[in-house]
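Report on the following structure.
Number of protein chains: 2
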Amino acid sequence: MQVEIIRDQKTERHQAEPNSNLMDFLVHHGILLNSDCAGRGTCGKCGVKILSGQLSTVTAVELKHFSQEELDEGWVLSCQRLIKEDIVLEIPKIEDAVNRKIELQNFSQERFTDPNLEKFFVTLKKPDLHDQLPDLERLLQQVEDIKKTGVKREAPLGVLNKLPELLRSSSYEVTAVLMDNALIAVEPGDTRESQYGFVFDIGTTTIAVYLVCLKTGKVISAGGETNPQASFGADVVTRISVVSEDFNNLKKLNDLVVETMANLMKELLHENSIEEKYVYHIAVVGNTTMSHLFLQADPRNLVKAPFIPCFKGRMTVQGKEMGFPMHPEGEIVVLPNIAGYVGSDTMGVMLATKIYDQEGYSLAVDIGTNGEIVLAGDGKILTCSTAAGPAFEGAQIHDGMRAGDGAIEKVSIKNGKVQLKVIGDMAPKGICGSGIIDAIAALYKANLMNFKGQLLDSSKLEGSVDENLKQRMRRNDNIWEFVLAFKGEYGNERDIIISQKDIRELQLAKGAIAAGIKVLAEDLGISTAQIDRVFLAGAFGNYIDQKNAVLLGMFPGIDVQKIIPVGNAAGEGAKMALLSKKQRELADHLSDNVHHVELSSSDAFYTSFMKEMIFPKKEVGQEVVK
Amino acid sequence: MQVEIIRDQKTERHQAEPNSNLMDFLVHHGILLNSDCAGRGTCGKCGVKILSGQLSTVTAVELKHFSQEELDEGWVLSCQRLIKEDIVLEIPKIEDAVNRKIELQNFSQERFTDPNLEKFFVTLKKPDLHDQLPDLERLLQQVEDIKKTGVKREAPLGVLNKLPELLRSSSYEVTAVLMDNALIAVEPGDTRESQYGFVFDIGTTTIAVYLVCLKTGKVISAGGETNPQASFGADVVTRISVVSEDFNNLKKLNDLVVETMANLMKELLHENSIEEKYVYHIAVVGNTTMSHLFLQADPRNLVKAPFIPCFKGRMTVQGKEMGFPMHPEGEIVVLPNIAGYVGSDTMGVMLATKIYDQEGYSLAVDIGTNGEIVLAGDGKILTCSTAAGPAFEGAQIHDGMRAGDGAIEKVSIKNGKVQLKVIGDMAPKGICGSGIIDAIAALYKANLMNFKGQLLDSSKLEGSVDENLKQRMRRNDNIWEFVLAFKGEYGNERDIIISQKDIRELQLAKGAIAAGIKVLAEDLGISTAQIDRVFLAGAFGNYIDQKNAVLLGMFPGIDVQKIIPVGNAAGEGAKMALLSKKQRELADHLSDNVHHVELSSSDAFYTSFMKEMIFPKKEVGQEVVK
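Sequence lines, in order, name chains A and B.
Just so it is clear: in the first sequence, position 86 is 86 by full-length UniProt numbering, and no numbers are missing.
Just so it is clear: in the second sequence, position 277 is 277 by full-length UniProt numbering, and no numbers are missing.
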């Protein structure tokens, strides 16, 4: 039977077996609902809205979570229902910043045939006096016969301790587990179905985790958590400074992130009833500072000129060294950083977008707490990092907040009316990055702000500006500000405004990105108009209004049609490295061959930055909303 | 000035610096005196006898250890004296079984140019804004420039944690430590002089250890200890049986050997004032059972047909896994076993003797608690293991004992008189392996025993036999025995005899070795007379009277001139693998290509064994002592 899924105004259709559990079905198709209770129905977070068709009957736990009105609207807990006939359903917007990051909308279905982790089920010939090959060599020889290539002739102590008994008690039918051609485990019987890995994207603000089936390459489950290092500072510079103050803080920062990651793993394993011993491989990406803190590498020189990282190459750590809930002989691989602040998360973006292999010129922009930019073309790849700044995360903005419940995420002005969209459909509490871009673009389009970013004196505004909008303009300490929502207007407890300073913050942030793009284009000897496509990575890239971003000049000279949002491409790239040796080696190759442009010592950057802080002049015929 | 050293009736001469410490000088030339006190003079074990010339004056501690008579004879503690002029000295026979094993008489001076462990002193260019290469890559690139080959682009966590500070606090002058092309440590300044390794030969009865300078390849110091697993049984079969009874005993046996090895290392490091962190590599050899117990590999199937080891290949363990006093990222390598009971100790013998590369046909025999035999020629290498049995270790012999103080180690009969040589020049307490061979050979030569190994009725002996000898023949429960030493004859507290059963034990032991040699020769299609040389390895091989061994038929058809004692070749071979990648790879290659002959299922062996238990008929003209 057919299930039609509407999400983010897009529709997809999949065939379902009768009586499949709806949540399992959705997860199987890469739709990751929030679920803290592993399908027991207690957390109530896996709700979806049925628009047509019937499921199995309502359960007692659903009656606790939904009002009669919600039930009548079609709300169900997907973990509680079975698919009985064709249905159409809608996935609600996921509601907090962590989920915005973990929601990988672009899981590739690419299959790899060169896995790092391999399982071989073998039935060994029993030894006798004429065939006295030792147990280990007997096993490895059989594996080589299947694999057709050599394997490393060693085994960890744990295998040597158990192998003889294991072979004999399982009638010589066992599964050999190989990581990079080296035996790491032997399991009784055929366990080829059980092979899992994790992908971590350690952001400065948010840690995202994906549980991956290494056999199918599919993401089974996802989760996320605020990076607890935030208690030591919101940005990387502050976190490094606490290490400079006291080197013991490096261990503390490391403990925080490692413990959170271990807990995230435990939760996902528990939810999916997967045993730790079947987790063999983990791929980690993060910006350069996050990579350093995860590996307890000394990060102190990253914040002092000449800004030298401790390392940049791919690093491998054994499971037993990190204390993760996984096979102790399993491996944790941290993808290579590129240079300076351009970390392995950007490497993930490069792998996921295949930017190294596209026709013409391709740009990738990953906007998080920092902004990393990659420009590829003419057989070269350039990259830089800009302090895009925390404005896009809602920080240093008068009423800024992260993209969570109550954040204004979209703003438009139509017919003199301000229209807001609030995450969670509730009274607004503040404004997040995408809302700030929208709001400032709307002010510009409504002629309430000039191209220099100055809010205009409302008394001098032309009569053509709607009176309603004029009333939202006011002076505070002689500085203009615009009121998006007066106290009580939408049930909000205080005025929510865009201040002149907020606009300056945005100018700094978007100016840095625009200047970074320009400098890279200049270094490559092209104009930005020659860029054929822009991969916009990260949760922020997925949620901003691209037209408004272009209107404000974030992507100078680039047509909005060229922008392709790619979701959490960093995580996707890490997943590719988890599943393929070649992708891992490609990452090494890219790390060695990408040219990093250090903007902090670039005059061209500063010149460009000054220019790009202003907003582009509105073109003739461009929509001006009054 | 010249020092002439007399040891084992051989003389060597070396030049000494004036005022060199005598013990240091001797150790430097590979003469390893027993020393438990690291040269403090308290143990009194490093005594040597000065035959001519004067040293620095006698010290107070020497007065405690030597009588006036001994001082007059020339005895000195070598740790207490400085060389002042040309001298001649005699090294006393080392007096216990452990020292007999550790005394490597044949340290090769072979230099290798492909070390496993390498140290590179580098002075790095300081980074600046135009050269932002990360610290690790900066270091590795410089190392590659010196090394001219690629190195692994990773580093252990400990390096990442310390590298940035280390580089800056040491003015970018550091030493990189590489094991198999992978960075394992970075040290401030130039530490190339400090690089050490250990070689262990884990015998069933004795553990021998050698501290090796990895830079010069020289053995700096040696030590040994009785294998404490003996408390679980004297032979390998008994030790495995206690594991079969309770698998937890495997951990106990492992703990015993690992702890003893760690203590031996600590002692040698302390004596030589070497820091643990400068120990990077350890090579271990032992028979198959010892290798299993050292790695906690399940050994239980070694004693049940079809006698299957858990593993045979080379195994590598990190220092931190074993808890040894060494660099935690350093490596412990266990050389590959060959097959069945033929272990990595025999592999060591093969490496040390280069048996794989000799002209003609070469035999190697390593007699310990078991006897391993290797026959090489015509591009093939065959090996087998015989239960030579503990007779050669003095076990299962009426008055048998190990080769320690009070053991009769040489016996001859001249002019009707029995002549004994006792280890430690004291009253005899028993007889060790080499003494047993001598005694039985003497009985045979004196016509007191026939070629079947029967002691003859003294009443029926011809008159030509000396009356003195006849008096030493007596019946006990109607079985003949020969009295080597009547109670009190040499201050001994009881009669010391050779019984008919002792002769049978020797026949079993030498018969097994002889039959093993014959079977291998037959498999290779040659007669034993075609064998060009016999490498006789092990302490036992060093001490037996070769003529007597040949007389008794231990080496059937082989001329005594062909026998070359090679000392602890197992340890020497392990040292070669410690110092050279090629030697290590050669060991892998040999392990895969040596053909193992399983004697327990060989009819040819049993047929030969029956024949070889008797003694060869004495040739016409052979010396018959009356």
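Ideal Cβ placement from N, Cα and C applies to all residues, glycine included.
Chain B contact residues for residue i, given Cβ-Cβ distances below 7 Å
i: A339 of chain A; result: Q132
i: N301 of chain A; result: P164
i: P306 of chain A; result: P127, D128, L129 and Q132
Own chain partners of residue i with C-beta closer than 6 Å, once the 5 adjacent residues on each side are dropped
i: L455 of chain B; result: M449, W480 and Q500
i: F451 of chain B; result: I614, F615 and K617
i: F535 of chain A; result: T353, A364, I564 and V566
i: I544 of chain B; result: S434 and I437
i: R7 of chain A; result: I91
i: Q105 of chain B; result: With a pLDDT of 46 at Q105 of chain B, under the threshold of 50, the modelled position of this residue cannot be trusted, and the question is left open.
i: N301 of chain B; result: I308
i: V177 of chain A; result: K119, I184 and A185
i: T204 of chain A; result: V236 and T369
Other residues of its chain near residue i: CB distance less than 8 Å, five sequence neighbours each side excluded
i: E154 of chain B; result: A182 and L183
i: L253 of chain B; result: Q229, F232, R239, V242, V243 and L293
i: S527 of chain A; result: A521 and G557
i: N593 of chain A; result: I381
i: V624 of chain B; result: Any reading at V624 of chain B needs caution, since the residue's pLDDT is 44, under 50, leaving its predicted position unreliable; the model's value is listed next. Once the five neighbours on either side are set aside, the close Cβ partners of V624 of chain B are K445, A446, N447 and K618.
7 Å Cβ shell around residue i - same chain, five flanking residues per side excluded
i: K380 of chain A; result: L524 and H595
i: P156 of chain B; result: I184 and E329
i: F482 of chain A; result: L443, L448, L455, R472, M473, I497 and I498
i: V334 of chain A; result: V284, S291, F294, L295, R314, M315 and S344
i: D399 of chain A; result: G430, I431, I496 and I497
Best match in the options for proximity to residue i [C-alpha to C-alpha]
i: K218 of chain B; options: B:F120, B:M401, B:N254 and B:F112; result: B:F112
i: E271 of chain B; options: B:D24, B:N287 and B:L551; result: B:D24
i: I497 of chain A; options: A:A539, A:Q507 and A:L484; result: A:L484
i: A427 of chain A; options: A:K487, A:A16, A:L551 and A:I517; result: A:K487
i: P336 of chain B; options: B:C310, B:V177 and B:E193; result: B:C310
i: D366 of chain A; options: A:G360, A:Y356, A:T346 and A:D378; result: A:T346
i: T123 of chain B; options: B:L167, B:I83, B:L117 and B:L552; result: B:L167
i: L552 of chain B; options: B:G453, B:H398 and B:A574; result: B:G453
i: Q54 of chain A; options: A:K64, A:E69, A:L22 and A:Q68; result: A:L22
i: V3 of chain B; options: B:S78, B:F121, B:F198 and B:N263; result: B:S78
i: Q358 of chain A; options: A:E137, A:K152, A:D532 and A:L578; result: A:D532
i: A569 of chain B; options: B:M554, B:G368, B:K582 and B:V550; result: B:G368
i: N116 of chain A; options: A:Y606, A:H130, A:N370 and A:A574; result: A:A574
i: T216 of chain A; options: A:K266, A:L133 and A:D114; result: A:D114
8 Å Cβ cut-off: residues of chain B touching residue i
i: D298 of chain A; result: L160, N161, K162, L163, P164 and E165
i: L520 of chain A; result: Near L520 of chain A there are no residues of chain B at all, since even the closest Cβ is about 17 Å away, more than 8 Å.
i: R153 of chain A; result: G313, R314 and D588
i: E321 of chain A; result: L157
7 Å Cβ cut-off: residues of chain A touching residue i
i: K312 of chain B; result: P134 and E137
Chain B residues whose Cβ lies nearer than 9 Å to that of residue i
i: T289 of chain A; result: In chain order: nothing, as chain B lies at least about 13 Å away.
Neighbouring residues, chain A, relative to residue i (Cβ below 8 Å)
i: A587 of chain B; result: The premise fails here: A587 of chain B is roughly 12 Å from chain A at the closest Cβ pair, so nothing lies under 8 Å.
Short CB-CB distance (under 8 Å) between residue i and chain E
i: P325 of chain A; result: Looking for chain E here will not work: the only protein chains present are A and B.
Per-residue contacts from residue i into chain A (C-beta, under 9 Å)
i: P328 of chain B; result: Going along chain A, no residue has its Cβ under 9 Å from P328 of chain B, so there is no contact; the nearest lies around 11 Å.
> Which ranges does the beta strand (DSSP E) cover as unbroken runs of at least 3 residues, wholly within the stretch 179-235 of chain B, from first to last along the chain?
Replying inline: 182-188, 196-202, 206-213 and 219-226
> When you check each C-beta in the stretch 602-621 of chain A against every C-beta of chain B, which residues fall closer than 9 Å?
Replying inline: none
> Between the stretch 113-131 of chain A and chain B, which residues of the former have CB atoms less than 7 Å from a CB of the latter, in chain order?
Replying inline: P127, D128 and L129
> Listed in chain order, which residues of the stretch 176-190 of chain A have Cβ atoms closer than 9 Å to some Cβ of chain B?
Replying inline: none
> Which runs of the alpha helix (DSSP H), 4 residues or longer, sit entirely within the stretch 505-590 of chain A?
Replying inline: 538-543, 546-551 and 569-579
> In chain order, which continuous runs of the alpha helix (DSSP H) of length 4 or greater are located wholly inside the stretch 464-508 of chain A?
Replying inline: 467-472
>> Beta carbons nearer than 7 Å to chain B: which residues of the stretch 372-387 of chain A have them?
In response: none
> Along the stretch 234-245 of chain B, what residues have a CB closer than 8 Å to any CB found in chain A?
Replying inline: none
>> In chain order, what are the residue ranges of uninterrupted beta strand (DSSP E) at least 3 long that sit wholly in the stretch 38-73 of chain B?
In response: 47-52
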